[in-house]
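*Asks:*
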Amino acid sequence: MARVPIELPEGLDEQRGLGPDWARWLDGLPRLFGEVLDDWALTREGDDLWHGFCSLVAPVRTDDGTPAVLKVTFDEDDESVHEGLVLQHWHGDGTVRLLRADPRRRALLLERLDRRDLTEVWDLEACEIVAGLYPKLHRPALPQLATVTSYVDRWLDDLDRLPADAPIPLRYREQALSLGRDLVSDPASVGRIIHGDLHYENVLAAPPDLGPERGAWLVIDPKPMSGDPHYEPAPMLWNRYDELAGDLRDGLRRRFHTLVDHAGLDEDRARDWVIVRMVLNASWSVYDALRADRALDDEERTWITRCIAISKAVQD
């Protein structure tokens with residue numbers, strides 16, 4: 125029976141505007157996805173197609189009826205190149221379990237979890253849950269992983285070259301450069317597997333049939349690096365940001381201290397990484413506009429303001 129052609133979700137298809145590599149991959153993605161379905165004897169279950177920034181995901185069943193999900197990722201995304209390797213290493217301990225992988229096609233077959241994530245959980249309870257998952261993830265790093273310092277070193281060079289009139293206060297730029305250089309030169313900044321993008325939507329509920337030994341919540345979608353566990357908290361601060369309206373400073377600080385205290389992290393080191401990450405995030409919006417030879421749009425200015433507010437909140 126011929127397969128029904130896959131129609132890419134609009135939110136993923138619009139990434140073709142990011143350049144020719146994206147357009148090439150997106151043009152070939154329906155065929156590639158169908159080939160993996162055939163080669164692995166998978167049957168799509170319903171018409172659902174989910175996507176991240178650079179991946180397409182669909183619920184499937186294997187030839188023996190096992191529920192699973194098929195994920196295919198953009199082949200030029202270096203951040204997720206070792207996702208399958210790390211999931212195999214974690215072996216379902218606090219994470220989704222990998223069932224099969226094809227690194228060449230950047231295809232992963234994963235056990236199917238509940239679609240419920242931590243966005244519906246009280247934010248401080250969610251921070252406690254994530255902090256409890258950190259130790260399961262932060263194992264000694266695999267030698268194949270790029271170091272977080274190799275990325276940050278390059279990003280700091282870019283930050284240092286920002287135009288003087290960039291809408292990021294000079295004192296925060298100088299602080300991030302100083303803290304970042306110290307962290308990059310510190311041997312403790314590498315050596316542990318870090319997720320890299322662990323936030324509320326990247327933790328899904330475990331179905332009851334997995335058994336209580338797996339835990340109630342499991343991590344998905346790592347961007348694995350060899351790094352420092354103190355690098356992890358920042359995404360838990362910038363996500364679900366709008367919920368903190370009217371209580372921004374104290375709300376951010378409560379999240380930060382909940383993560384630090386429940387994970388047993390060093391407060392000063394975690395704070396330094398938050399500052400560095402948030403200022404770097406702000407700088408990327410500036411560079412996006414510069415590369416496109418245009419002014420910052422309202423969304424980018426709002427994001428820069430958010431980044432600076434988080435940097436300020438964790439150290440006031």
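Going by this note's numbering, 413 is the number at position 289 of the sequence shown; the sequence numbering is gapless. Glycine included, every Cβ here is placed at the ideal spot set by N, Cα and C.
#1: Mind checking PRO129: buried by the 16 CB within 10 Å criterion, or exposed?
#2: Would VAL211 pass as a contact of LEU234 if the rule is Cβ separation under 9 Å?
#3: I'd like the list of long-range same chain contacts for GLY320, defined as Cβ closer than 6 Å, with 5 residues on each side in sequence excluded.
#4: Just to confirm my understanding: we take ASP137, look at its own chain, exclude 5 residues before and 5 after, and list those with CB closer than 8 Å. What are they?
#5: For the ligand NAP, any of its heavy atoms closer than 8 Å to the Cβ of PRO357?
#6: On the DSSP bridge list, what partners appear for SER350?
#7: Mark GLY304 as exposed unless 16 or more other C-beta atoms lie within 10 angstroms of its C-beta, in which case mark it buried.
#8: For TYR296 and VAL403, which I take to be in contact (beta-carbon distance under 8 Å), what is that distance rounded to the nearest angstrom?
#9: By Cβ distance, which residues of its chain are closer than 8 Å to ASP333, with the 5 residues on each side in sequence left out?
#10: What does a CB cutoff of less than 8 Å around ASP202 pick up in its chain, not counting 5 residues either side in sequence?
#11: With DSSP as the reference, label TRP246 as helix, strand or coil.
#12: Under 8 Å by Cβ, that's how I've got ILE318 and SER407 pegged, so tell me the actual separation to the nearest angstrom.
#13: PHE380 and VAL400: beta carbons closer than 9 Å?
#14: Just verifying my parser: in three-state terms, what is the DSSP assignment at PRO287?
#15: What residue range does the alpha helix (DSSP H) around THR197 cover?
#16: Going along the chain, which unbroken runs of the beta strand (DSSP E) with 3 or more residues stay wholly within the segment 342–389?
#17: Assuming the contact rule is C-beta atoms closer than 8 Å, LEU237 and VAL220 should be a hit. Round their C-beta distance to whole Å, please.
#18: With distances taken between CB atoms, is the gap from PRO133 to LEU180 smaller than 9 Å?
#19: Tell whether a beta-carbon distance below 9 Å holds between GLU207 and LEU232.
#20: Is TRP164 helix, strand or coil when you go by DSSP?
*Replies:* According to the structure data:
#1: exposed
#2: The identity of residue 211 in the sequence shown is Leu, whereas the question assumes Val. Cβ distance < 9 Å, so LEU211 and LEU234 count as in contact.
#3: LYS347 and MET349
#4: LEU150
#5: As presented, the structure is devoid of all ligands, the ligand NAP included, so that no description of it is given.
#6: SER350 is bridged to THR271 and ILE317.
#7: buried
#8: About 5 Å separates the two Cβ atoms, so the contact holds.
#9: none
#10: These residues qualify, in order along the chain: ALA270.
#11: coil
#12: ILE318 to SER407, Cβ: 21 Å. No contact.
#13: Taking 9 Å as the Cβ cut-off, PHE380 and VAL400 do not qualify as a contacting pair.
#14: coil
#15: That residue, THR197, is in no alpha helix (DSSP H); its beta strand (DSSP E) goes 191–197.
#16: Runs found: 349–351.
#17: 6 Å
#18: yes
#19: yes
#20: coil
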